[in-house]
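Just so you know, the protein sequences line up as chains A and B, in that order.
Numbering (the UniProt record's numbering) for the first sequence: 1 to 225.
Numbering (the UniProt record's numbering) for the second sequence: 1 to 225.
Number of protein chains: 2
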Amino acid sequence: MTTTIRVLIADDQMMVRQGFTVLLNAEPDIEVVGQAVDGADAIDQVAELAPDVVLMDIRMPGVGGIEATRRLTEPAGATVKILVLTTFDLDEYVYEALRAGASGFLLKDASADELAHAVRVVAAGDALLAPNITKRLIGEFSRVSAAVPRGPLRERVGDLTERETEVLTLIAQGLSNAEIAARLVVAEQTVKTHVSRILFKLGLRDRTQAAVFAYETGLVRPSAF
Amino acid sequence: MTTTIRVLIADDQMMVRQGFTVLLNAEPDIEVVGQAVDGADAIDQVAELAPDVVLMDIRMPGVGGIEATRRLTEPAGATVKILVLTTFDLDEYVYEALRAGASGFLLKDASADELAHAVRVVAAGDALLAPNITKRLIGEFSRVSAAVPRGPLRERVGDLTERETEVLTLIAQGLSNAEIAARLVVAEQTVKTHVSRILFKLGLRDRTQAAVFAYETGLVRPSAF
DNA sequence: CTACCCGTAGTACCTGGGGACTACCCCGCG
DNA sequence: CGCGGGGTAGTCCCCAGGTACTACGGGTAG
């Protein structure tokens with residue numbers, strides 16, 4: 001914590017690299033230990049210099065910033081934090097970068113203070129986004145994870161026993177009775193009994209409706225989106 | 001930008017209200033115009049005072065902060081921004097608050113500077129989260145939306161013809177072949193042909209898996225409620 | 001102690017769903 | 001002009017899935 005934060009700057013434009021280097025070296029607790037001109041170079045230099053934080057531009061020739069971020073954060077033992085910097089705040093970039101493992105996302109018009117603060121935050125293991133990006137992320141998050149299942153349907157799930165609920169979730173994964181039986185280590189007929197009771201209790205006709213029911217009530221959720 | 005930012009503070013603890021009031025009134029561009037002791041009070045005062053930003057505590061007697069946030073942001077014409085403040089940063093609170101429409105989420109241990117900065121950010125229409133919360137949100141976002149966005153599954157839907165896609169969505173609503181036939185005004189056998197081709201093209205076994213597929217790829221979505 | 005629920009499992013039966021064909025019509029494209 | 005793909009539809013066949021009914025051991029609420 002008391003040691004200086006070692007930073008690597010990856011950007012294809014020399015002016016940008018030098019500008020940020022000057023800005024950051026002005027901070028007593030931050031030291032720019034290297035510069036990289038593209039993604040491949042960044043990966044090499046990270047291996048060599050072991051910086052704490054990489055300031056990563058997205059638009060770079062050859063291996064881009066997002067791909068480089070992915071490769072730097074992919075390995076299990078990776079400890080380097082990536083702070084993505086870009087001129088544009090296109091949604092795609094942001095989401096891709098975050099999925100790639102970036103700890104932060106700033107626009108290049110950020111002030112020197114903000115930049116230094118961001119470096120400290122990500123070095124501490126936290127994350128930081130430019131305010132308008134945070135807003136979009138929240139919006140996206142809400143859109144994706146909204147749909148709180150609290151309807152009358154949801155209630156009916158409560159009528160099912162624990163075992164029946166278990167079977168229902170397996171039905172909702174597309175498993176056949178035989179597969180469910182194998183999974184639960186019971187006879188197939190037992191599964192059929194459960195299935196029948198589930199359908200009866202929920203007032204459904206067949207397993208397909210049961211699967212739909214499971215999704216609609218939020219018992220199971222789409223693993224993506 | 002030039003006008004002062006009008007802030008309402010909603011917290012059941014008087015000490016907290018007064019503390020924040022003093023802190024914020026020290027800022028030249030921020031003015032605390034009112035205080036509320038619980039969610040219901042906050043809703044009333046917002047209607048009366050029309051503040052730009054509400055500092056909202058989550059734990060309050062009666063109508064809690066999250067419910068109050070929901071009611072304040074629900075109406076289409078709502079312009080007030082909610083900045084949620086809490087002592088604890090439990091995940092559930094954060095996600096619920098963001099879904100409820102909050103623009104920001106800070107811990108009460110934030111510095112005066114951070115608080116004032118946060119008020120300005122949300123007043124400007126952007127969003128802001130405490131760093132460690134940002135980190136968790138990013139993690140959650142990645143987890144939720146990373147899985148299969150551009151995966152092989154999504155592509156495969158493209159192989160289906162228009163009619164087949166139509167049939168698939170009906171399958172995913174739990175309809176039987178006969179019902180689908182009636183809906184599309186064709187013979188049941190025609191539906192069976194479509195279903196067979198759908199299963200073949202998608203590499204699935206039965207209509208239940210097809211329904212699951214439809215949900216997983218986002219072709220159909222849980223209708224919420 | 002009795003009654004009930006849950007999970008288990010069996011037998012017998014019926015049908016909707018799905019596979020494997022074949023076939024026709026229409027339309028757009030080379 | 002012929003060819004191919006999409007949508008339609010038919011036949012034959014088989015089985016997974018679902019219904020109905022019975023049954024039994026274990027747990028627990030009354």
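Yeah, the Cβ is synthetic: ideal placement off N, Cα and C, and Gly gets one too.
Beta-carbon contacts of residue i that lie in its chain and below 7 Å, excluding the five residues immediately before and after
i: B/K192; result: N177
i: A/Q209; result: none
i: A/V33; result: R6, V7, L8, L49, P51
i: B/L23; result: A112, L115
i: B/A47; result: none
i: A/E27; result: A116
i: A/L204; result: A210, F213
i: B/I198; result: L160, E164, V167, L168, A210
Cβ of residue i within 8 Å of any chain A Cβ
i: B/I171; result: yes
i: B/R183; result: no
i: B/K192; result: no
i: B/N177; result: no
i: B/V46; result: no
i: B/R71; result: no
i: B/A127; result: yes
i: B/L23; result: no
i: B/T161; result: no
i: B/T208; result: yes
i: B/P152; result: The predicted position of B/P152 is uncertain, since its pLDDT is 42 and thus under 50; no value can be drawn from it.
i: B/T4; result: no
i: B/G39; result: no
i: B/L137; result: yes
i: B/T134; result: yes
i: B/L168; result: no
i: B/G62; result: no
i: residue 246 of chain B; result: As displayed, chain B neither begins before 1 nor continues past 225, which places residue 246 of chain B out of reach and without an answer.
i: B/P51; result: no
Min CB distance residue i to chain B below 8 Å
i: A/K201; result: no
i: A/G65; result: no
i: A/V84; result: no
i: A/A211; result: yes
i: residue 236 of chain A; result: An answer regarding residue 236 of chain A cannot be provided, because it is not within the stretch 1 to 225 covered by chain A.
i: A/E216; result: yes
i: A/V121; result: yes
i: A/G34; result: no
i: A/P131; result: yes
i: A/P222; result: yes
i: A/G19; result: no
Per DSSP, the bridge partner or partners of residue i
i: A/F105; result: A/V84, A/L129
i: B/A10; result: B/A36, B/M56
i: A/I198; result: Answer by DSSP bridge pairing: none, since A/I198 is not bridged.
i: B/E31; result: B/R6
Where the alpha helix (DSSP H) through residue i begins and ends
i: A/Q173; result: Counting along the chain, A/Q173 falls outside any alpha helix (DSSP H), and DSSP gives it neither H nor E.
i: A/E67; result: 65-73
i: B/R120; result: 112-123
i: A/R207; result: 207-217
Own chain partners of residue i with C-beta closer than 6 Å, once the 5 adjacent residues on each side are dropped
i: B/Q94; result: What sits at residue 94 of chain B in the sequence shown is Val, not Gln. Same-chain partners within the cutoff: F105, I133.
i: B/Q45; result: L8, G34, A36
i: B/E87; result: Just to set this straight, residue 87 of chain B is Thr in the shown sequence, not Glu. If we look at B/T87 and ignore the five residues flanking it on each side, its Cβ neighbours are K108.
Beta-carbon proximity list for residue i, same chain, < 8 Å, skipping 5 on both sides
i: A/T21; result: I9, V32, Q35
i: B/V220; result: T169, A172, Q173, A214
i: A/L175; result: R183
i: A/A118; result: L83, G104, L106, A110, L128
i: B/V120; result: Looking at the sequence itself, residue 120 of chain B is Arg, so the reference to Val does not match. Excluding residues within five positions, the ones whose Cβ falls inside 8 Å are I5, D29, I30.
i: B/A40; result: G62, V63, A68
i: B/A130; result: D89, F105, L106, L107, A110
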